[in-house]
Amino acid sequence: MGEALALEGIGRAFGRTIALDGASCVVRAGTVHALLGENGAGKTTLMRIAFGMLTADSGSLRVQGAEVRFTSSREAIARGIGMVHQHFMLVPAMTVAENVALGGRGRVDRDAIAARIRSIGTESGLTLDPDAAVAQLPVGAQQRLEIVKALTHDARILILDEPTAVLSPKEAAELMGWLRRYADGGGTAVLITHKLRDAFSVADDITVLRRGRTVLSALRAELDEARVVRALIGDAPLTSPAPATRIFGMTAPPVLALRCVSYVDARGVTRLRDANVEVHAGEVLGVVGVEGAGQRELLRLLAGRLKPTSGRVERPDSVGFIPEDRLHDALIPALPLTENLLLAEAGRLRGLVDHAVAQARTRSVIEASDVRAEGPDTPAASLSGGNQQKFVVGRERQLAGAALVAENPTRGLDLRAAARVLEEIARPSGEPATAVVLHSSDLDEVLSVASRVVVCFNGTVREVPWPVDPTDRTPFTRAMTGTS
Amino acid sequence: MTDALLALWDGAFGSSYAVWSATLVRATPLLLVGLAVALAFRAGVLNIGAEGQLIVGAIAATVMALAFDGLPRVLMVPAMAIAGALAGASWAGIAAWLRRRFGVLEVISTIMLNFVALALVSWVVRGPLQEPSRIYPQSPTFGEAARWPFLISGQRLHLGFALGIVLAIASWFWLARTASGLRVRLVGASARAAESAGGVDVARTTFVVFLASGALAGLGGAAEVGGVTWALYEGLSPGYGYTAIAVALLARLDPRCVVASAILFGALDAGAAAMQRDAGVPAVIVQVFVAAVVLAVLAGTQLQSAARARTATVRAEEL
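First to last, the protein sequences are chains Y and H. Letter by letter, the first sequence follows residues 723 to 1206 of our numbering. Letter by letter, the second sequence follows residues 357 to 675 of our numbering.
1) Can you tell me the Cα-Cα spacing of Ala451 of chain H and Glu462 of chain H, whole angstroms?
2) Kindly list the residues whose CB is nearer than 7 Å to the CB of Thr992 of chain Y, restricted to its own chain and excluding five residues on each side of it in sequence; keep chain order.
3) In whole angstroms, give me the CA-to-CA distance for Arg734 of chain Y and Ala414 of chain H.
4) Any C-beta of chain H within less than 9 Å: which residues of the stretch 739-767 of chain Y qualify?
5) Between His809 of chain Y and Gly554 of chain H, what straight-line distance do the alpha-carbon atoms span, to the nearest angstrom?
6) Which partner residues of Gln494 of chain H appear in the DSSP bridge assignment?
7) How would you write the range of the alpha helix (DSSP H) that Ala728 of chain Y sits in, first residue to last?
8) With DSSP run on the structure shown, which of helix, strand or coil describes Val646 of chain H?
9) Candidates H:Met436, H:Gly405, H:Leu388 and H:Val375: which alpha carbon is nearest Ala587 of chain H's?
10) Just reading off the beta strand (DSSP E) that Val991 of chain Y is part of, what are its end residues?
11) Going by the CB atoms, is the gap between Gly583 of chain H and Gly520 of chain H shorter than 8 Å?
12) For Trp479 of chain H, count the other beta carbons within 10 Å of its own beta carbon; 16 or more makes it buried, fewer makes it exposed. Which is it?
13) What's the C-alpha gap between His299 of chain H and Ile508 of chain H?
14) Take Phe397 of chain H and list the residues in its own chain whose beta-carbon comes closer than 7 Å to its own, dropping the five residues that flank it on each side.
15) Any C-beta of chain H sitting closer than 8 Å to the C-beta of Ser1038 of chain Y?
16) Can you grab the Cα-Cα spacing for the pair Ala857 of chain Y / Arg866 of chain Y, in whole Å?
17) Hey, how far is the Cα of Ser746 of chain Y from the Cα of Asp833 of chain Y?
18) Using a beta-carbon distance below 8 Å, is Thr961 of chain Y in contact with chain H?
19) For Pro385 of chain H and Leu410 of chain H, I'd like the C-alpha separation in whole angstroms.
20) Within the 8 Å Cβ cut-off, does Thr534 of chain H reach chain Y?
21) Closest to Ala1102 of chain Y by C-alpha separation, out of H:Ala549, H:Leu606 and H:Ala571, would be which residue?
22) Would you report the Cα separation of Asp876 of chain Y and Ile842 of chain Y, rounded to the nearest angstrom?
23) Leaving out five residues before and five after Leu1028 of chain Y in sequence, what residues of the same chain have Cβ atoms less than 7 Å from its Cβ?
24) If the criterion is Cβ atoms closer than 8 Å, does the pair Gly444 of chain H and Gly570 of chain H meet it?
25) Rounded to a whole number of angstroms, what is the C-alpha to C-alpha distance between Thr766 of chain Y and Leu391 of chain H?
26) Could you pull the start and end residues of the alpha helix (DSSP H) that Ile1044 of chain Y belongs to?
27) Against Arg1072 of chain Y, what residues of chain A qualify as contacts under a CB-to-CB distance less than 7 Å, listed in chain order?
28) To the nearest whole angstrom, what separates the beta carbons of Val912 of chain Y and Ile881 of chain Y, a pair I think is in contact under 8 Å?
29) So, do the stretch 530-550 of chain H and the stretch 1065-1085 of chain Y have three or more beta carbon pairs nearer to each other than 8 Å?
30) Quick check on Gly781 of chain Y: does DSSP put it in helix, strand or coil?
31) Could you tell me the alpha carbon to alpha carbon distance between Ser1104 of chain Y and His1050 of chain Y, rounded to whole angstroms?
32) What first and last residue would you give for the alpha helix (DSSP H) that runs through His1077 of chain Y?
33) Note down, in chain order, all residues in the stretch 520-554 of chain H with a beta-carbon under 7 Å from any beta-carbon belonging to chain Y.
34) Can you pull the chain Y residues whose beta carbon is under 8 Å from the beta carbon of Val556 of chain H, in chain order?
35) Ile839 of chain Y CB to nearest chain H CB: under 8 Å?
36) Decide if Met805 of chain Y is buried, meaning its Cβ has at least 16 other Cβ atoms within 10 Å, or exposed.
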């Protein structure tokens, strides 16, 4: 079998953030290829480059063996590539046929389009009523429409971005079945996903991206789940043994605690079930888990950003929180640092705001956390990603000395900046020392600073004790895949 | 050409009458309504309905003036101002509630409410508030007590202007120095960050600002009937609510600058009338000029902030 699509040594940066750093992915014709990676690993960026939505800064792209350089999706479509985006690109007010006709040129021949949709329906099994309004279609049918749209453009290589995220389990199983048949019939599909189960159920080949690099690429038959998880979250050997547990006064009551806490989201899905967690002053509790295992909710419950559905949360009035998406959730890039400092306490402030005091406090955060910035009046946007994050860490520590919760704090940072940010987060400070909760999708990162580690799997939380050999990570990866 | 510009200047600033009885009088509603727009925009509330809020404010002040005819002036003037502000706030409150409850875009709801307000004023001046002879579509002329005091004897500049200056300073102080003003600015800059990092109640903040904005616009309407026309009629506002958007944007949404911006627009308005009369140049030319100025200022602001971001980035890299 020849290669259908090959991306080699692809690099791509967005401003200061490096999304792809020499990523490669070779897709054989007639196969389903799973592209795995945690949030922000670069999966979607890589495939958007293959689909011509983005251009690569470096590296090469081959389609059916021919070297190409796309400047728009139109060119990719002409080469037989189709992409189904995670968020559907449909016009709800229009009919199925009209949505298919969009993007064409010249006159619209309604009958011809309807006939084409019907013939694709019989060939591929993706049946749709051409006259149905898209807004009335269930999500599964909307996704079928997205695929049909690609097939009407004679796509021979289909890229699906997290296609099962919006589907019910039954619809997802149907889609996986369809993909298998599509590939067996000679089609080629790339499945972007973070769900191991999807990858293992349907893929022939698996490529794993981590931090913008390809860390694993192999036939599915040669892989097991634990190996893929290690690739997803990092399996470089630890250079130093795990730090000695810094637990002072375990007898004192915990600073943060969840007592039998469950959380059900707005869609009725139980995200966290009967979780029990304690965090004491002076320790760093590491939280690990594959995407969607419940750690997101766990962190927000501890930080007081979510209310539990049942159970009890014990926490100080204010808990410092470092959300994953700092540019949108933690900072207002256009405003000066002083106002970004005030931002964190804006909800609680009363009366007048003393700017001189706020400026002085901003200066002290800049100094204490070693933020490289001109001064308190510089807009946050002008700082580098690492310095922005150090500022956020310093700010949260200053406001809420007792407890700090951090979610993927090194995302999008280069290694040096990441190391500095981790150092800031884990640095013991205050009296009594801060209780820190750290989650990262990078296992190494968590293990390098945590005193204890809890693992989220499918909504349950349990502590995994340090193994006798501190460089051994199988207990953690097994807990993350539920195989222990 | 020079004739036209000289006429424009004379009409706006050429005499004490031009300054105190034309320019600043015309600037008064623009000042109050410009503040209303600036405040709303600072919180990210796109209140395009200041025109409607101004009209209902004028109606409410008229009702107050006519219904409580016997009140002494010291009570009547504040009562009219309060009635106007409350009516404007309520009118804005409809759109604010629709946004909060159903997520209706305020751009659409406020502009629609403008037309409702226009229809409302057409009805009241032909119905419940029509003058006793029932000939003209306007209210009876207010009694002495309901006419707002002049600031300078012999000139038409009235209390509304002083009120506008005080409120401009108060608005600036609120935004720049108080905690709730800080919340307003943060919500306007990034509602998402204000909510997630600061725990700011975004829905509540925008609701309050929306009402405050409506109150200022309504007060502008009350000041216009109480200080200038002394009666309610249909064409009361030649689109002050829309011009106020330009006033606010030209001031870059800074309440202090709204004062200067409103005076500039008032001067252009006063001067345009004089220019048409004395030099035969159509007053519309001034509107073309005004639109060009606003576009230039907005483009300039964009370019400037882009340049500032670039230099700041370079400096950060050097550090």
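The beta-carbon is built from N, C-alpha and C at its ideal position, and this holds for glycine as well.
With the given structure in hand:
1) Taking the first residue of the second sequence as position 1, residue 451 of chain H is located at position 95. Taking the first residue of the second sequence as position 1, residue 462 of chain H is located at position 106. Their Cα atoms are separated by approximately 6 Å.
2) Mapped onto the first sequence, residue 992 of chain Y falls at position 270. Counting only Cβ-Cβ distances below 7 Å, and skipping sequence neighbours, we find Ser984, Val986 and Gly1181.
3) Locating residue 734 of chain Y in the first sequence gives position 12, where the first residue counts as 1. Locating residue 414 of chain H in the second sequence gives position 58, where the first residue counts as 1. Rounded to the nearest angstrom, the two C-alpha atoms are 59 Å apart.
4) none
5) Here residue 809 of chain Y corresponds to residue number 87 of the first sequence, with the count starting at 1. Here residue 554 of chain H corresponds to residue number 198 of the second sequence, with the count starting at 1. Spanning the two alpha carbons is a distance of roughly 29 Å.
6) Here residue 494 of chain H refers to the residue found at position 138 of the second sequence. In DSSP, Gln494 of chain H forms a bridge with H:Tyr589.
7) As a first step, residue 728 of chain Y must be located in the first sequence, where it is residue number 6. Run containing Ala728 of chain Y: none in the alpha helix (DSSP H); it sits in the beta strand (DSSP E), Glu725 to Phe736.
8) The residue labelled residue 646 of chain H in the question sits at position 290 within the second sequence. Correct three-state label for Val646 of chain H: helix.
9) Position 231 of the second sequence, counting from 1, holds the residue named residue 587 of chain H. If we check each option's Cα against that of Ala587 of chain H, H:Met436 comes out closest.
10) The sequence position of residue 991 of chain Y within the first sequence is 269, counting from 1. Premise fails: Val991 of chain Y is in no beta strand (DSSP E) and is neither H nor E.
11) Along the second sequence, one-based indexing puts residue 520 of chain H at 164. Along the second sequence, one-based indexing puts residue 583 of chain H at 227. Taking 8 Å as the Cβ cut-off, Gly520 of chain H and Gly583 of chain H do not qualify as a contacting pair.
12) Residue mapping note: residue 479 of chain H aligns to position 123 of the second sequence, counting from 1. It is exposed - the Cβ of Trp479 of chain H has fewer than 16 other Cβ atoms within 10 Å.
13) Since the displayed chain H opens at 357 and closes at 675, residue 299 of chain H lies outside it and no answer follows.
14) Counting from one through the second sequence, the residue named residue 397 of chain H turns up at place 41. Within the same chain, Phe397 of chain H has close Cβ partners Ala604 and Leu609.
15) By one-based count along the first sequence, residue 1038 of chain Y stands at place 316. The residue asked about is misnamed: residue 1038 of chain Y is Pro in this sequence, not Ser. It does not: the Cβ of Pro1038 of chain Y has no partner Cβ on chain H nearer than 8 Å.
16) Your numbering for residue 857 of chain Y matches position 135 in the first sequence. Your numbering for residue 866 of chain Y matches position 144 in the first sequence. Cα to Cα, Ala857 of chain Y sits roughly 14 Å from Arg866 of chain Y.
17) The sequence position of residue 746 of chain Y within the first sequence is 24, counting from 1. The sequence position of residue 833 of chain Y within the first sequence is 111, counting from 1. Using only the alpha carbons, I get a separation of about 43 Å.
18) Numbered from its first residue, the first sequence carries residue 961 of chain Y at position 239. Summary for Thr961 of chain Y: the model assigns pLDDT 43, below 50, so the residue's position carries little reliability; its value from the coordinates is reported in the next sentence. Thr961 of chain Y does not count as touching chain H.
19) Taking the first residue of the second sequence as position 1, residue 385 of chain H is located at position 29. Taking the first residue of the second sequence as position 1, residue 410 of chain H is located at position 54. For Pro385 of chain H and Leu410 of chain H, the distance between alpha carbons rounds to 9 Å.
20) If you number the second sequence from 1, residue 534 of chain H lands on position 178. It does: the Cβ of Thr534 of chain H has a partner Cβ on chain Y nearer than 8 Å.
21) Counted from its first residue, the first sequence places residue 1102 of chain Y at position 380. The option with the nearest alpha carbon to Ala1102 of chain Y is H:Ala549.
22) Translated into the one-based positions of the first sequence, residue 876 of chain Y becomes position 154. Translated into the one-based positions of the first sequence, residue 842 of chain Y becomes position 120. Their Cα atoms are separated by approximately 10 Å.
23) Within the first sequence, residue 1028 of chain Y is the residue found at index 306, counting from 1. Counting only Cβ-Cβ distances below 7 Å, and skipping sequence neighbours, we find Tyr985, Glu1019 and Arg1022.
24) Position 88 of the second sequence, counting from 1, holds the residue named residue 444 of chain H. Position 214 of the second sequence, counting from 1, holds the residue named residue 570 of chain H. In this structure, Gly570 of chain H lies closer than 8 Å to Gly444 of chain H by Cβ.
25) Reading the first sequence from its first residue, position 44 is the one you call residue 766 of chain Y. Reading the second sequence from its first residue, position 35 is the one you call residue 391 of chain H. Whole-angstrom Cα-Cα distance: 45 Å.
26) By 1-based counting over the first sequence, the position of residue 1044 of chain Y is 322. No alpha helix (DSSP H) contains Ile1044 of chain Y, which is instead part of the beta strand (DSSP E) from Gly1042 to Ile1044.
27) Structure shown: chain A not included; protein chains present are Y and H.
28) Your numbering for residue 912 of chain Y matches position 190 in the first sequence. Your numbering for residue 881 of chain Y matches position 159 in the first sequence. About 5 Å; that satisfies the 8 Å criterion.
29) yes
30) For the purposes of this step, residue 781 of chain Y is identified with residue 59 of the first sequence, where counting begins at 1. It is a strand residue.
31) Here residue 1104 of chain Y corresponds to residue number 382 of the first sequence, with the count starting at 1. Here residue 1050 of chain Y corresponds to residue number 328 of the first sequence, with the count starting at 1. Those two C-alpha atoms are separated by around 15 Å.
32) Numbered from its first residue, the first sequence carries residue 1077 of chain Y at position 355. From DSSP, the alpha helix (DSSP H) with His1077 of chain Y extends over His1077 to Ala1090.
33) Arg533, Thr534, Ala535, Leu538, Arg539, Leu542, Ala545, Ser546, Arg548, Ala549, Ala550, Ser552, Ala553 and Gly554
34) Taking the first residue of the second sequence as position 1, residue 556 of chain H is located at position 200. Simply Ala1068 and Gly1069.
35) Start at 1 with the first residue of the first sequence, and residue 839 of chain Y comes out as number 117. Not an interface residue.
36) In the first sequence, the residue the question calls residue 805 of chain Y occupies position 83. Buried, since its Cβ has 16 or more Cβ neighbours within 10 Å.
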